[in-house]
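Below is one structure, written out as structure tokens, with a few remarks after it.
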Amino acid sequence: MGMAQPPGGGTRAPSGIPRATPGGSAAHSRPDAAVALHASPWFSQLPEALRQALLEDGAWRRLGAGEMLFARGDAFDGLYCVAGGTMQVDAAGESGKAALLGLLEAGAWFGEICLFDGLPRTHDARAVHAALLWHIPRASLERRLAQHPAWWREFGLLLAAKTRMVFDYVEEMQLLPPAARIARRLAAIARGYGNPPHAAEDAAPATPPAIQTVKIPQEQLAQMLGLSRQTVNQALRELESRGLLRLRYGSVELLDLAALEALN
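Start counting the sequence shown at 272; every next residue gets the next number (this note's numbering).
Below, the structure is given as structure tokens:
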């Protein structure tokens with residue numbers, strides 16, 4: 272694979288949304304990288320040497336609300352982990368209609384598809400709110416993986432978990448009622464899309480808070496699932512009456528993550 276530079280700092284995407292730059296503004300202080308990354312179940316169960324390599328090779332990337340990190344078709348510039356804020360993954364059709372594919376909260380890693388095939392980015396990624404990301408550059412990843420081929424398996428597991436999730440979504444869309452689809456998607460957002468629910472026994476997994484908050488308006492949730500806003504509102508009220516979540520303005524508090532994931 273040839274080396275690629277990060278998408279142009281300070282340039283603008285075709286839609287006019289400013290690109291993220293390493294010095295971009297964000298309402299987040301810079302935490303200790305080791306502490307921030309251990310919030311990710313995938314990272315916390317990696318071999319110690321790989322964890323250390325990702326800490327040594329990474330750097331902070333800050334985005335303001337609405338800033339685009341990369342656009343569909345951009346060259347692969349590395350792997351990212353959300354340390355703070357919320358990232359949105361979406362796509363726009365030729366008609367201009369946008370499809371919201373997912374929201375990434377703290378602990379979610381993304382961008383690994385291009386690591387395997389070397390092709391351009393598949394979708395747009397931008398900050399919903401001010402966000403802080405840990406960025407592992409492409410050159411560093413390629414160098415480390417050339418030195419330690421066994422580490423490919425760990426990145427493969429991250430990709431495989433997300434592939435399984437895609438199959439789950441297709442199945443849920445055809446077989447499950449709206450309330451169950453909504454419950455499972457909220458749980459997936461909280462877990463970080465593709466992060467395993469349990470880390471390896473010899474790792475030190477991060478303990479998720481008893482109550483997890485997903486910042487997402489009901490209109491966005493409806494768009495993500497292809498449901499009407501009225502249907503989403505009714506389903507959320509039903510889940511709230513069952514004690515599984517609590518509705519807040521612009522967000523949802525998840526009270527029982529395991530029960531939401533198991534709903535059918």
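For every residue, glycine included, the Cβ atom is placed at its ideal position computed from N, Cα and C.
All values reported here derive from a predicted model rather than from experimental measurement.
Spatially closest choice to residue i from the options, by CA coordinates
i	options	result
residue 491	484, 482, 503	503
residue 325	522, 495, 416	416
residue 312	432, 331, 508	432
residue 226	523, 484, 500, 418	Outside the displayed range of the chain (272 to 535) lies residue 226, so it cannot be described from this structure.
residue 439	532, 514, 320	532
residue 449	528, 361, 498, 512	498
residue 534	360, 506, 521	506
residue 383	361, 409, 363, 362	409
residue 487	481, 455, 520	520
residue 511	494, 451, 493, 462	451
Where residue i sits in the DSSP three-state scheme
i	result
residue 370	strand
residue 408	strand
residue 399	coil
residue 325	helix
residue 524	strand
residue 347	coil
residue 333	strand
residue 535	coil
residue 474	Note that residue 474 has pLDDT 42, beneath the 50 cutoff, so the model's placement of it is unreliable and the number below is only indicative. Coil.
residue 303	coil
residue 505	helix
residue 498	coil
residue 375	strand
residue 429	helix
residue 516	strand
residue 529	helix
residue 342	coil
residue 483	strand
Exposure label - residue i; buried when at least 16 CB within 10 Å
i	result
residue 387	exposed
residue 357	buried
residue 423	exposed
residue 314	buried
residue 323	exposed
residue 516	buried
residue 471	Confidence at residue 471 is low in this model, with a pLDDT of 38, below 50, so the placement of that residue is unreliable and no value is reported for it.
residue 339	buried
residue 316	buried
residue 355	buried
residue 523	buried
residue 501	exposed
residue 307	buried
residue 403	buried
residue 453	buried
residue 379	buried
residue 329	buried
residue 460	buried
residue 345	buried
residue 489	buried
Cβ-Cβ distance between residue i and residue j below 9 Å
i	j	result
residue 401	residue 335	yes
residue 457	residue 525	yes
residue 508	residue 496	no
residue 381	residue 399	no
residue 310	residue 419	no
residue 371	residue 359	yes
residue 455	residue 447	yes
residue 347	residue 373	no
residue 343	residue 392	yes
residue 331	residue 362	no
residue 462	residue 528	yes
Distance cut-off 8 Å: residue i Cβ against heavy atoms of the ligand GTP
i	result
residue 410	What this structure holds is no ligand at all, so the ligand GTP is not there to describe.
Query raised in the report: Are three or more beta carbon pairs between the stretch 364–372 and the stretch 422–441 nearer than 8 Å?
Result: no
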